Each structure stands twice: as structure tokens, then as C-alpha cells.
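Please read the structure below before turning to the comments.
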Amino acid sequence: MIRETRKIKSQLAIIGTGLAGLAAGIFATEQGIKTTQVGHTGSVTYTTGYLDLFGSLSGQQYSDPWQGVDELKKEYPNHPLCQIDREEINVAMSLFVEKLTEMGVGYLKPGSKNLDALLPSGVCKPTISMPLTMAAGIRAKKTNASTLIIDFIGLQGFSGVEFVANLKPSWPELSNKRLQFPGMESGQQLFPEVMARSLEVPENRRKLAELIKPLINGFEYLGLPAILGIHLPDEVHREMEGLLGIKVFEIPTMPPSVAGIRLREIFEQRFPAQLITLIPQHKVEKLELTDGGARLFFKDPFGDVEIESQAVILATGRFLSGGLAAGQQSIRESLLNIPVSQPKGRDDWYSEKYFAPEGHGINRAGVEVDDNFRPLDEDGRPLSNRLFAIGTVLANQDWVRQRCGAAISISTAYQAVKRVAGLILDSTIDSPGKSGKISSPAR
Amino acid sequence: MKTNSPAGTKTLTTKVLIIGGGVTGTGVMRDLALRNISSILIDQHDLNSGASGSNHGLLHSGGRYAAKDRDTAIECRVEGEILKRVASNCIDPCGGMFVAVDGDDLDFASQFPDHCQAAGISCTPLSPSQAMEREPSLTKKIVAAYEVADATIDPFRLTLESVNHAMELTDSFYMPHTRVEAFEIGDGEIRAALCRDGRSGEQIRIEAEEVVNAAGAWAMRVARLAGCNNVNLLYSKGTLIISNSRMSSGVINRLRPPGDGDILVPGGTVSLLGTTSATIENPDRITPTVDEVDRILAEGTDMVPSLADARFIRAFAGVRPLLMASGHGGDGREASRGFALFDHKEQNLRNFATVTGGKLTTFRLMAERVGDLIAKRLGSSAPCKTAVVPLPSGPAICWTEPGFSARDWYARQDPTDRILCECEMVSESSIDSIINEAPGSEADMSVKAISLRSRVGKGSCQGAFCSIRVTSYLYDKGIYSSEAGLAHLRDFVKERFKGVRPVLWGAHVAQMELAEALHCDLMGLDLK
Ligand SMILES: Cc1cc2nc3c(=O)[nH]c(=O)nc-3n(C[C@H](O)[C@H](O)[C@H](O)COP(=O)(O)OP(=O)(O)OC[C@H]3O[C@@H](n4cnc5c(N)ncnc54)[C@H](O)[C@@H]3O)c2cc1C
Ligand SMILES: Cc1cc2nc3c(=O)[nH]c(=O)nc-3n(C[C@H](O)[C@H](O)[C@H](O)COP(=O)(O)OP(=O)(O)OC[C@H]3O[C@@H](n4cnc5c(N)ncnc54)[C@H](O)[C@@H]3O)c2cc1C
């Protein structure tokens with residue numbers, strides 16, 4: 088049986104549904120651009136929920152992210168965050184947070200100083216914004232408030248004892264208790280997502296509160312693993328505080344994390360369908376650049392699909408998400424074989440020390456772009472006027488070590504979408520490339 | 036057994052102090068215990084942290100040495116036969132094959148059967164098609180093939196079982212992280228060994244009637260601490276790589292004069308390919324390199340082409356102590372053998388002995404020789420029993436065997452026994468069993484120590500998830516109660532990385548990216 092290729096036309100195609108893709112989708116919607124977006128939405132579920140701006144460089148942590156970025160400019164002037172004005176980064180971060188909050192997952196407004204974000208190990212890391220459900224933890228720690236941490240039998244990788252043991256020196260008023268999660272007393276492994284969905288039912292919240300109540304006498308704060316609901320976490324959080332009569336905060340857990348699942352569900356369920364066509368759980372197999380934009384090809388259970396769009400944003404991430412691929416000797420970009428700047432040989436990919444403060448060379452490998460976030464070919468010229476690359480696929484950054492994943496993803500998304508809006512909504516900026524295929528550069 | 040010396044330093048006394056927790060030292064411990072002589076075994080790190088934890092695990096048929104060193108070949112054959120009887124728990128009698136491929140020296144290949152016969156090694160010629168039938172992954176370019184009685188042996192299980200058995204038989208015990216730093220010597224004997232606990236920094240004095248130096252590649256240094264300059268070693272570094280699946284049913288040896296990357300050894304569900312050989316200056320802190328891995332792989336694919344597409348979990352490197360001919364003879368050294376026993380009489384020490392060199396395959400014989408000497412010195416006439424008494428399998432020891440924890444877990448059918456390591460199916464109850472019962476576990480139990488005694492961290496996730504889960508579990512169990520637990524986690528993943536680094540390409544790089552994100556971003560291990 089031969090089936091016809093189905094065609095989708097759209098102004099913008101976004102490849103990738105990680106944090107960068109998600110941000111690009113949100114910004115494109117803001118601009119009123121008709122968008123089609125493809126990718127596996129699972130990648131956002133790895134996150135802790137914290138949105139990092141810039142926190143660490145070569146082993147030095149920064150409480151003022153901008154001081155960190157100033158240092159960064161000296162060491163890695165080609166870092167994506169060094170290509171964007173501070174104001175523009177702030178606007179992008181604030182807008183993103185505002186939109187998430189509007190869609191039901193409240194986040195703290197990014198300020199000018201990093202926050203002390205609690206990790207399940209009891210270590211703290213610098214970040215710029217976090218879910219409202221986690222926010223009370225900052226104050227609790229800062230004021231050495233008497234705080235009870237609750238963990239649950241069966242929830243692996245989250246130990247109240249561990250959290251307390253590692254924070255106790257700086258937070259003496261911390262203690263912990265272990266409980267059975269109501270309705271899940273079998274002793275089997277528990278999954279945060281299942282617990283969170285259970286807490287969306289008021290009856291289950293009451294049951295949990297009943298268990299906790301006798302323990303909280305004299306405590307000012309209660310810390311829980313991040314399980315306070317998926318869809319309306321702020322409501323679940325508020326209600327728990329009401330039931331218990333003390334301040335409650337969440338602490339991130341191992342992936343797949345509830346904080347990440349909340350973002351995924353926003354993405355899959357709350358996006359205005361009239362503007363964005365989301366094709367989750369699929370990968371673009373081929374991308375062809377054309378004069379007027381690009382054609383993307385993939386297969387779904389019903390057959391072949393072709394997307395024709397006037398511009399493309401590549402937000403395909405790194406090795407884990409498949410944006411980059413490592414052979415035995417070299418690293419490539421997966422979709423278009425865009426040149427990847429990288430260390431000379433495999434021996435230089437990784438430092439000999441896992442925790443070397445300068446990080447690993449391979450983490451700074453990636454796609455090089457011009458001021459307009461257009462990927463560059465071998466000769467340093469943009470591959471096309473209509474192709475943009477954003478997020479962690481970009482070269483010259485080390486989001487893990489530098490604690491800047493969210494800022495890179497969100498601020499480059501903002502920049503690229505602005506360029507796309509210029510191209511599509513104001514055709515005077517549009518000067519199409521000469522040729523139809525990627526082999527020749529667009530200028 | 037414990038007393039406190041006036042200086043405040045802890046002093047322990049024992050009949051025999053054994054230095055070095057490799058196959059040789061643990062073998063000596065058990066050999067002596069079977070003669071009813073108790074001992075303290077110490078290691079500067081933990082069991083098998085030297086060559087015994089970083090070898091091929093090949094129980095040589097002797098074929099490899101048949102052409103060049105008949106004595107060693109015979110020794111391997113005889114020892115192999117004994118071990119297959121008494122240590123069958125640790126051995127997979129998978130058989131082996133020697134193959135020559137297009138371009139290899141045909142003369143060498145054709146003389147192989149004669150050499151084997153002279154050493155009493157059974158060797159059956161195979162046609163290329165018979166060889167291919169037995170090992171379908173072999174190259175089509177085979178020009179000669181012979182079947183031999185190679186087998187594989189699990190050195191981790193071997194040392195754990197030896198220590199366990201010795202502890203059952205006598206009041207012998209094992210102390211990890213105890214490094215000998217000096218000896219108190221007087222009147223022609225070692226009065227005490229001055230040791231340091233590598234974790235606490237605490238000094239420990241051990242008084243023993245006899246001291247055995249079984250420190251492998253470090254035996255020369257330990258001998259010098261006792262003023263003995265007659266142990267002369269060359270250090271030969273060897274690197275190996277482990278694939279994530281079993282690439283052959285038996286051992287495949289390249290039929291040519293021993294060289295790089297020419298033995299492929301199955302080990303349960305994985306295979307080991309190696310090994311390089313390079314003389315180095317210092318046996319400490321060696322790590323496998325990218326260059327060595329690429330070399331091994333290039334050589335190995337000549338024999339087994341599918342290695343080119345295999346996924347490798349990690350690489351590791353070990354140091355072989357090679358004996359150098361010493362200036363003056365008569366010190367008990369058996370030069371033609373792969374190993375040597377020094378009684379140090381000529382260095383005017385009555386109660387010191389050094390054993391080094393040799394192979395995993397011949398560890399029992401080495402231990403027997405030491406046992407004979409020490410028993411005689413102690414006036415005991417008890418004979419060596421290790422060739423006849425089977426090695427018993429203790430309850431907490433089987434966890435190093437690939438697939439054991441999974442079988443155990445399924446058999447128990449207890450859903451509340453939660454899995455901590457999903458790659459290798461290691462559950463909470465197996466960790467409990469290791470903490471409570473495995474040899475050397477009475478001391479502070481780190482993730483690293485557990486990993487040595489189990490499959491934790493050996494799967495394809497690179498310890499990304501299981502190391503974090505096991506750490507939390509150890510906190511919950513009260514094994515950890517301070518920031519030290521997180522420091523142990525950091526050390527563990529740091530150490531693992533050294534072996535993973537040279538095989539990082541392909542899908543591995545993605546795993547590593549996730550591991551680093553979890554270790555740094557989620558756990559903040561790089562921040563503290
Ligand atoms: C363990 C962990 C913890 C983290 N914690 C934090 C944190 O605390 N703070 C923080 O700021 N950030 C955190 N992050 C998230 C990090 O910021 C993001 O991973 C980063 O921003 C990457 O975003 P990205 O969108 O560029 O790439 P990814 O998130 O990797 O997304 C890439 C997307 O591209 C898709 N894709 C790839 N190839 C194709 C194709 N051919 N066709 C279609 N789609 C394709 C993938 O399916 C995926 O959806 C964490 C990440 C991890 C893994
Ligand atoms: C790459 C490689 C592959 C090999 N493959 C095989 C094979 O397939 N088959 C085979 O039969 N043989 C093989 N061998 C040889 C075999 O591994 C060794 O002969 C054997 O393991 C030596 O054991 P050992 O106990 O004597 O020494 P080791 O295992 O090295 O033990 C010595 C111990 O002494 C400890 N120590 C050192 N200094 C001190 C101190 N000051 N205080 C306290 N403790 C100390 C060390 O920590 C170490 O654990 C291989 C060797 C290598 C390197």
C-alpha cells in the first residue's frame with residue numbers, strides 16, 4: 088500500500104522540545120508565529136526544576152551571576168551568554184517565567200542575585216529562579232529555621248538522613264522523619280510522578296497531612312521531595328500549607344522529576360493549539376534547506392510527513408538528546424552535518440579528572456553561530472538565512488558545570504525567535520539565499 | 036587480640052602478618068589457616084586493588100607459554116587442573132582456542148602442537164570451518180586453529196572466598212586501607228610492622244612472629260622497607276577493555292608470539308580484550324589511555340571483526356611485577372619460574388619472606404610455597420591442603436558473579452526488596468548481605484567497597500543512578516551519618532571515570548553526559 092506523504096505548512100519549524108525548544112515555542116506563540124514543533128518531550132523531565140542563569144566558572148561559584156558572566160567574557164568570549172546583552176537575557180528569562188506562571192506552574196521572578204537552591208544531597212547550588220513550591224526552602228536555610236524533612240519508604244535516591252547530614256553543619260535546626268506514603272504502603276518502589284498525581288486528589292492530601300501533623304510540633308518549615316501535584320502545584324502547595332499550618336517547600340528528586348513533568352505537561356496540554364502544532368515523541372529524520380525556508384521529513388504511524396516552513400530553529404540538544412553524535416574519533420551534528428567545533432582528538436574530549444574544575448573539552452564542543460544565531464559552515468558563513476541554532480547544541484559553553492542551562496536555552500531561544508519574526512513578519516529583512524540546497528551557503 | 040601500647044598507638048598481635056590483599060596474599064592466608072595458623076591480612080587499599088583486580092581472568096591452559104617457557108607452561112597446566120577441582124565455583128571451564136590469521140607466522144603456528152605436547156598440554160587441531168562453527172564471531176581469515184583447555188576464573192570471588200574461608204577456620208582477619216610504612220627491626224627479625232589507616236590517618240603497630248610480603252608489584256618497595264635490596268622488579272603495565280556483551284563462548288588466543296591485544300576472554304555476560312604491555316617507572320596511579328584502547332581494539336578486530344562495533348563499558352590497567360635477574364644467587368629465587376620466593380636469610384632476617392611475580396593461574400602454588408616455609412619456621416608439620424580441600428562458597432560472596440543478584444532477586448519474589456542498581460539488578464537485600472557478611476565489611480562500608488563485592492556500578496549506566504541510590508541507602512541504614520558519605524560517592528564516581536574515559540565514544544558519551552548532569556547538577560558533587 089502506498090500512502091501519500093502528508094504535508095504540513097507552517098511559518099516556523101522548531102526541532103527539539105527540550106528547554107530551548109519549549110522556550111522558543113512560547114516566544115513564537117507570543118509573536119503570533121504559526122509554528123510546528125517536533126521532538127521528544129521527555130528531555131525536560133530530567134531537570135531539577137531550577138532555572139539557572141550563571142553560577143559557576145572554573146570551580147568558582149558566583150552569588151552575583153553577572154559578575155560571573157563578566158569573568159566568563161574574559162575566559163570564553165564566544166560563550167552564548169556573552170553574545171547577548173544583559174538586558175535581553177533578563178527580558179527573556181522574565182518573560183519565560185511569567186508565561187510558565189500564567190500556564191499554572193508558578194516560578195519566582197528572576198532577581199539580580201543567585202538563590203541558594205537545595206539539592207537532594209544537601210548541597211546547595213546557585214540558581215536564578217525556581218518553582219514557587221520550592222521557594223520557602225531558601226529562607227528556611229538562610230534563617231536556620233527549625234525544619235523537618237520528610238522522606239518516604241520506597242522513594243529511592245531521596246534520603247532525609249543524607250540531606251540533613253550534609254546540611255547540618257550550616258543548618259543545625261534541621262531534622263528528618265521517614266513516613267509511608269498514604270495509599271502506597273506496600274513497601275514497593277515509589278515513583279514521584281505517581282505520588283504527585285495522587286496528591287492532586289484532596290482526600291489524599293488530607294491523609295498525608297494527618298500523618299505529618301503529629302510530627303511538626305515546634306517546627307517552622309516542612310521540606311518534602313518534589314511531589315506536590317503535577318497540574319496545579321501551587322494550589323496543592325497552598326493547600327498543604329493550610330492543612331499543616333506551617334511553611335512547606337519541595338526538594339528536587341532524581342529524574343524523571345515532577346518539576347520536569349510539570350513543564351512537559353504544560354507543553355503538551357496548555358499550548359494554544361491554534362498557533363502551535365506539537366508533534367511529540369517523534370524525531371525529524373531529514374532536514375532540507377530551501378530558498379524559502381526548509382523541508383523537514385519524518386514518519387509517524389500513519390506514514391510519511393513533510394513539514395514545509397519559512398524558518399527553522401534547531402534546538403536538538405547534545406549527545407543525550409541526539410543533537411550531537413560522537414564517533415570513535417570525531418563529533419558530528421546529527422541532522423545536517425553542520426561543522427562542530429571540538430577538541431583535536433578523543434584524548435582531549437575528557438580531562439583525566441572527572442571533577443576537573445575547568446570541565447571537559449567535549450562539553451564545549453558544538454555548533455558555532457553568528458550574531459544572529461545562524462549556524463556556520465566550514466568557511467564561517469551562515470548555512471542559511473533561515474536556519475537558527477539555540478540551546479545546548481551551541482559550542483563554547485558548559486551548561487552543567489557553569490550552571491547556565493536554562494539561561495542559554497531561554498535567551499538564545501528569545502534571540503532566534505526575534506530574528507524569525509523579523510524574517511517572517513517583516514519581509515523587508517528577508518533576503519533569501521541563492522540556492523535551494525544546504526551544500527551552498529545562503530549568502 | 037588488641038592491646039594498647041604506651042604511646043597510644045594501637046598494637047595488634049598475630050602469628051603471621053600478610054602484606055597484600057591480592058590473590059597471592061589471600062591465598063597465603065587460606066593456606067596457613069588450613070594448617071591452623073592464624074594471620075592478619077592487610078592491604079593498603081582493599082582486596083584486589085592491584086594486579087589481581089585488573090587482569091584477564093584467564094586460567095591458562097599453558098598453551099600461551101608452550102613455545103617460550105616450558106616450565107611455566109607445565110606449571111599453568113598443573114595448577115589449572117587443580118583449581119578446576121577445588122575452586123570450581125570461581126571457574127567457567129569454557130575452553131579456548133588458538134587461532135592464526137592471514138599474515139601470521141605459519142612456522143610458529145605449525146610448531147604449536149609439538150610444543151604443547153612436550154608440556155603435556157592437550158591441543159586438538161581444528162579446521163577453519165570447525166573453528167568458525169565453535170566461534171562464529173571469528174574472522175574468516177583463519178589459517179590455523181587449535182583447541183585447548185583454557186578456562187576463566189573470577190579473581191574477585193577467589194580472594195573473597197579465600198579470606199572468608201580463612202576467617203571461618205581460624206581467628207584470622209582482614210584489614211583494608213592499612214598500609215605498611217616501616218618495620219621495627221632488631222636481632223635479626225622484624226618485631227613489628229608500622230602501618231597507617233589510609234582513611235583515618237591513624238597509626239597501627241602489628242606484631243607478628245612471621246611477616247609475609249605478598250605485595251605484588253609493590254613487593255620491591257616493601258622489601259626495601261625491611262632493608263632487603265635483593266627483590267628487583269620491572270613494572271609492566273597492561274591495559275584491557277571490557278565489552279558490554281559476551282563476544283565469544285570460549286577464550287580466543289592469537290596464535291603468534293605473545294603481543295598486544297591478542298586474547299579475548301569471556302567473563303560471564305561480558306568479554307575482556309587485551310592486553311598491552313609497557314614498562315613503566317612507578318606502579319602507582321596507573322590509568323588506561325585512549326591510545327592503548329585504540330591499539331588493543333585495532334589488533335583485536337583482526338581476530339574478531341565484530342569488536343569494531345562492540346560497545347565497551349570501560350578499560351582498566353594493571354601492573355605485572357616482572358622479576359629481574361639479581362646479581363647474586365642463592366637467595367631461593369627460582370629464575371626459570373614465573374614467580375620467586377625470597378626467604379631473606381641472606382639479608383639477616385629470620386622471620387620475613389617475599390613472594391612475587393607469577394600469575395593468577397599459579398597463585399595457589401605460590402601460596403603453597405610460602406605456607407611450607409612459614410609452617411616450617413613456626414615448627415608446624417601441617418601439610419598444605421589447598422590442592423585437596425575445596426574452596427567453600429560463603430553466603431555473601433556470590434554477588435560479584437554477573438547475573439547472580441538478578442537470579443537471586445527473581446527467586447525471592449519480594450517486591451519490597453527494592454532494586455538499587457537497575458543495570459545489574461542489585462537489590463537492597465543484597466547490599467544488606469554484603470554490608471553484614473562480606474569479608475572486610477566490618478569496617479566503614481563505602482560505595483566503592485560495596486562495588487568491589489558486588490556488581491554495583493559495573494553496568495552500562497556508568498553508576499549514574501545506582502551510585503546515588505546506594506549512597507542514599509547507606510545513609511538510611513546509618514552506615515553514613517556525615518558529609519563523609521557524599522565524599523565517598525565523589526571518590527567512587529571519580530575512580531570509575533578513569534576506566535570509562537578511554538572508551539567514551541558512541542552511545543557512551545550520551546550516558547556520560549547524563550551521569551555528569553546527575554552527579555554535578557542534581558547532586559552538586561563538583562561544588563563542595
Ligand atoms: C539531570 C539534569 C538536571 C538538570 N538540572 C537543571 C537545573 O537545575 N537548572 C537548569 O537550568 N537546567 C537544568 N537542566 C536542564 C538543562 O538546562 C537543559 O538540559 C538544557 O537547557 C538543554 O536544553 P536544550 O533544549 O538545548 O536540549 P535538550 O533538553 O537536550 O533537548 C533537545 C531536544 O531535541 C530533540 N531532538 C534531538 N534531535 C531531534 C530530531 N532529529 N528531531 C526532533 N527532535 C530532536 C530531543 O528529543 C529533545 O527534545 C538539567 C538537565 C539534566 C539532564
Ligand atoms: C593486565 C594484566 C593481565 C593479566 N592477565 C592474567 C591472566 O589472564 N591470567 C593469569 O594467570 N594472570 C594474569 N595476570 C597476572 C596476575 O594478575 C598477577 O600475577 C596476580 O594478580 C598477582 O597477584 P598478587 O597478589 O601477587 O599481586 P597484587 O594483586 O598486585 O596484590 C598486591 C597487593 O599489595 C598491596 N600493597 C602494596 N603495597 C602495600 C603496602 N605497603 N602495604 C599494604 N599493602 C600493600 C596492593 O594494594 C595490592 O592489592 C595479568 C596481569 C596483568 C597486569
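Residue numbers (the working numbering), protein chains in the order written: chain A, 88 to 530; chain B, 36 to 563.
Note that CB positions come from ideal geometry on N, CA and C, so glycine has one too.
Quantities reported herein were computed from a predicted structural model and do not represent experimental measurements.
Problem - Unbroken stretches of the alpha helix (DSSP H), 4 residues or longer, contained in the region 183-231 of chain B - result: 190-204
Problem - Buried versus exposed call for B/His554 [16 or more other C-beta atoms within 10 Å across all chains shown] - result: buried
Handout entry: Span separating the alpha-carbon of B/Ile454 from that of A/Tyr163
Key = 43 Å
Exercise for the section: Answer with yes or no whether the minimum CB distance from B/Arg447 to chain A is below 8 Å. Expected result: no
Problem - Any non-hydrogen atom of ligand 2 within 7 Å of B/Thr396 CB - result: yes
Practice task
Verify the CB distance criterion: does B/Pro450 have a CB-CB separation below 8 Å to chain A?
Solution key: yes
Handout entry: Own chain partners of B/Thr311 with C-beta closer than 8 Å, once the 5 adjacent residues on each side are dropped
Key = Lys272, Gly273, Thr274, Asp295, Gly296, Glu327, Arg330 and Ile331
Handout entry: Selected residue, minimal CA-CA separation from B/Pro292, among B/Asp104, B/Gly302, B/Ala252 and B/Ser172
Key = B/Asp104
Problem - Near-chain A residues of the region 535-558 of chain B (beta-carbon distance less than 7 Å), N- to C-terminal order - result: Arg536, Leu539, Trp540, Gly541, Val544, Ala545, Glu548, Leu549, Glu551, Ala552, Cys555, Asp556, Leu557 and Met558
Handout entry: Three-pair Cβ contact test at 8 Å for the region 472-485 of chain A versus the region 449-463 of chain A
Key = yes
Handout entry: Inter-residue Cα distance where the pair is B/Leu52 and B/Phe387
Key = 10 Å
Exercise for the section: Compare the C-beta of A/Pro207 against all C-beta atoms of chain B and say whether one is closer than 8 Å. Expected result: yes
Problem - Nearest-angstrom Cα separation, counted from A/Ser471 out to A/Leu463 - result: 9 Å
Problem - beta strand (DSSP E) segment containing A/Asp391, residue limits - result: Gly390 to Leu401
Handout entry: Amino acids of chain A, ordered along the chain, whose beta-carbon sits closer than 9 Å to that of B/Val424
Key = Within 9 Å Cβ-Cβ: nothing; B/Val424 doesn't reach chain A, min ~42 Å.
Handout entry: Amino acids of chain A, ordered along the chain, whose beta-carbon sits closer than 9 Å to that of B/Arg504
Key = Gln243, Gly244 and Met341
Handout entry: Nearest candidate by alpha-carbon position, reference A/Ile171, set A/Leu140, A/Lys264, A/Arg468 and A/Gly146
Key = A/Leu140
Exercise for the section: Reducing DSSP to helix, strand and coil, say where A/Ala381 ends up. Expected result: strand
Problem - Same chain only: Cβ atoms within 7 Å of B/Arg385, ignoring 5 sequence neighbours per side - result: Gly223 and Glu224
Problem - Any C-beta of chain B under 8 Å from that of A/Tyr133 - result: yes
Handout entry: Cβ-heavy atom distance, A/Asp203 to ligand 1, below 7 Å
Key = no
Problem - Which of helix, strand or coil DSSP assigns to B/Ser468 - result: helix
Problem - Cβ-based contacts, 9 Å cut-off: residues of the region 400-422 of chain A near chain B - result: Arg405, Phe406, Leu407, Ser408, Gly409, Leu411, Ala412, Ala413, Gly414, Gln415, Gln416 and Ile418
Problem - Same chain only: Cβ atoms within 8 Å of B/Gly438, ignoring 5 sequence neighbours per side - result: Gly303 and Thr304
Practice task
Answer yes or no: does any C-beta atom of chain A fall closer than 8 Å to that of B/Val491?
Solution key: no
Practice task
Grab me the residues of B/Ala86's own chain with a C-beta within less than 7 Å of its C-beta, minus the 5 sequence neighbours each way, in chain order.
Solution key: Gly57, Gly251, Ala252, Gly353, Val354 and Arg355
Practice task
Tell me, please, whether the CB atom of A/Gly274 is closer than 8 Å to any CB atom in chain B?
Solution key: yes
Practice task
Could you tell me whether the region 151-169 of chain A touches the region 180-194 of chain A, using the rule of 3 or more Cβ pairs below 8 Å?
Solution key: no
Problem - According to DSSP, residues forming a beta bridge with A/Thr134 - result: Answer by DSSP bridge pairing: none, since A/Thr134 is not bridged.
Practice task
Could you work out which residue in A/Arg473, A/Phe460, A/Lys505 and A/Tyr501 is closest to A/Asn165 when comparing CA atoms only?
Solution key: A/Phe460
Handout entry: At least 3 beta-carbon pairs within less than 8 Å: the region 251-266 of chain B vs the region 107-119 of chain B
Key = no
Exercise for the section: Use the C-beta contact count for B/Gln497: other C-beta atoms within 10 angstroms, 16 or more gives buried, fewer gives exposed. Expected result: buried
Problem - Residues within the region 477-509 of chain A neighbouring chain B, beta-carbon criterion of under 7 Å - result: Val487 and Arg488
Practice task
Please name the residue or residues paired with B/Phe127 in a DSSP beta bridge.
Solution key: One detail in the question is off: residue 127 of chain B reads as Asp in this sequence, not Phe. Paired residue(s): B/Thr187.
Exercise for the section: Starting from the C-beta of A/Leu168, find all residues in its chain whose C-beta is less than 8 Å away, skip the five residues before and the five after it, and write them out in chain order. Expected result: Phe141, Val156, Leu159, Ile176, Gln484, Cys491, Ala494, Ile495 and Ser498
Problem - Same chain, Cβ closer than 8 Å to B/Gly98, five either side skipped, listed in chain order - result: Ala108, Gly131, Phe133, Phe147, Cys151, Ile156, Cys158, Tyr181, Val183, Asp185 and Asn288
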